[in-house]
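Have a look at the structure below, then the notes.
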Amino acid sequence: MKVTHIETIRVDEYPQIIWVQIYTDNGIIGLGETWYAPTVVESAIHDHFGPLIIGRDPRKVELHWNSMFTLSDHAGFGGGEMRAISAIDMALWDIKGQDAGVPIYELLGGAVRERIRVYATGMPYTNVVEHAKKILDKGITAIKGGPTISLALASDGQYLSPKDLDIALKPIREIREALGNSIQIANDGHGKWSLPVAIRIAQAMEEYEIMWQEDLMPLQNPKALRELQDSTKTPICISERLLSRWQFREFIENGSARIVMPDLIWTGGISETHKIAILASTYQVPFAPHDATGPVNIFACAQICISSINAMIQEHVPSYYEGWYGDFVDPNLDIKDGFLHAPQNPGIGTRLKKDVKERKDVHIRVSDLALESHIDAWELFDTHGNGGKVIYRSKKMEEELKSLRIERNPFIKLYLKLKLARLFLKFIRIWARWTIWRT
């Protein structure tokens, strides 16, 4: 099986989402997705990584992931390159699962559960009790909001007055007074606060039995986050802002991350997120994937949650799932009674609807086998061992190397023939002189 072409799709109605479809010569199409700055991702997919994938076997997922990641070292292993890798990796796993005729989780060790608990993201400041009751009526018993986020703007996260702190606590307090502990509450700080303020927030919310404190402050300093964790009994959860297992490792090893929340479409796709889940499991740390984007991401998250022992809970946005997701994918998610059920279809479990490409606001770009003829001559070396073995060489480089080979260059052939003739004539002269000398 070979990849024939790669297609990216985005629509103006949801301008931050981009889908990738990878086509193969046997008719299988792999689907992937990522979110944020889609034109940057689009360029990375077609101009940067496309030549690594097109014309090659898509089932060699780990080889392709490593090739793309190695090529991104100059960009710091992040940004648009990492989001592009995430989408491509997701599509490659989809192809591999379809080719094997099984859901992806069967290729990740098999199912350890049939469903994973979900929580609802989105908590309004007004009518919050009514909103929480509606969530409970769906069978969902956990909710996440960010009542402190907007309050950070006034001081750039450096100061929180007692009055503002009370404002932030108000919706949480109202839920607890009306519904008791029938619903769990998680708090998301979006990385807005300084360490002293983050400690105040975490300690002030402790009496309400918060499920976790997520990103109360920026994640540049693992030691500072450990100080925050030591100051509160509430688990600290981190987060979609970390983009590889190496970044997560620092926070897991120093004990500051009590729950890990990678976002699959930012942190390297299914391949890397699965590794992060395994890394966390070695420290007895639960795994709770982030999701508040498009429909394909949560299908991919389900594959890992269903196959990971330490999967704790899965994020979702009910209004997305019940609303626009169904306009783009078929089938939609199977969420019932507060649980996301394991996808049953081979591969990632869903397909992009055909009419998406017929929308008036759609933008489609395609790269195929002809792409390589436009790529400059370059080689990608395996820097992770194998003695610097070439793991990818562009088509133009191959052609230039072939032009230097004897069988492909008539001028070199003629030069060598003339040189051989001169050597032969020299031998004849020497032989003739030797014969005359003997006589």
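Under the numbering used here, the first residue of the sequence shown is numbered 2, with each subsequent residue one higher.
Heads up, the beta-carbon is just placed ideally off N, CA and C, and yes, glycines get one too.
Quick caveat: nothing in here was measured; it's all calculated off a predicted structure.
Let me know the secondary structure DSSP gives residue i once reduced to three states.
i: F78; result: coil
i: K145; result: strand
i: S374; result: Residue placement at S374 is flagged as unreliable, the pLDDT there being 44, under the threshold of 50; the coordinate-derived value follows with that caveat. Helix, per DSSP.
i: T9; result: strand
i: T122; result: strand
i: S240; result: coil
i: W36; result: strand
i: A312; result: strand
i: P16; result: coil
i: G270; result: helix
i: N128; result: coil
i: L154; result: coil
i: T71; result: helix
i: A301; result: helix
i: P172; result: helix
i: D58; result: coil
i: L426; result: helix
i: M2; result: coil
i: T436; result: helix
i: R281; result: Looking at the sequence itself, residue 281 is Ala, so the reference to Arg does not match. It is helical.
i: G98; result: helix
i: P219; result: coil
i: A45; result: helix
i: A293; result: coil
i: K139; result: coil
i: K193; result: coil
i: L421; result: helix
i: A133; result: helix
i: A179; result: helix
Going by the DSSP bridge assignment, what does residue i pair with across the sheet?
i: I23; result: I7 and G31
i: Q214; result: N188 and I237
i: V261; result: I239 and F288
i: S368; result: I7
i: I89; result: I89 pairs with nothing; no bridge assigned.
i: I117; result: L341
For the beta strand (DSSP E) containing residue i, name the first residue and the last one.
i: I186; result: Q185 to D189
On the CB-based measure, 16 or more other CB atoms within 10 Å of its CB, does residue i come out buried or exposed?
i: A76; result: exposed
i: W438; result: exposed
i: H375; result: Any reading at H375 is ruled out, since the residue's pLDDT is 43, under 50, leaving its predicted position unreliable.
i: I429; result: exposed
i: I365; result: exposed
i: K224; result: exposed
i: D377; result: At D377, the pLDDT of 45 sits below 50, so the modelled position is not reliable; the number obtained from the coordinates is stated separately. It is exposed - the Cβ of D377 has fewer than 16 other Cβ atoms within 10 Å.
i: I55; result: buried
i: L334; result: buried
i: L154; result: exposed
i: Y326; result: buried
i: A433; result: exposed
i: P163; result: exposed
i: D292; result: buried
i: L265; result: buried
i: P332; result: exposed
i: Y126; result: exposed
i: T436; result: exposed
i: D189; result: buried
i: K145; result: buried
i: K354; result: exposed
i: F455; result: There is simply no residue 455 to check, as the chain begins at 2 and stops at 440 in what is shown.
What residue range is occupied by the uninterrupted alpha helix (DSSP H) comprising residue i?
i: F252; result: R246 to E254
i: L161; result: No alpha helix (DSSP H) holds L161; DSSP gives it neither H nor E.
i: E107; result: I105 to L108
i: P52; result: G51 to I54
i: P223; result: P223 to D231
i: A199; result: L196 to M206
I'd like to know if residue i contacts chain C, where contact means its C-beta is closer than 7 angstroms to some C-beta of that chain.
i: L244; result: The structure shown contains no chain C; it is built from a single protein chain.
What are the uninterrupted segments assigned as alpha helix (DSSP H) that are 4 or more residues long and contained completely in the segment 316-364, given in chain order? 319-323 and 326-329
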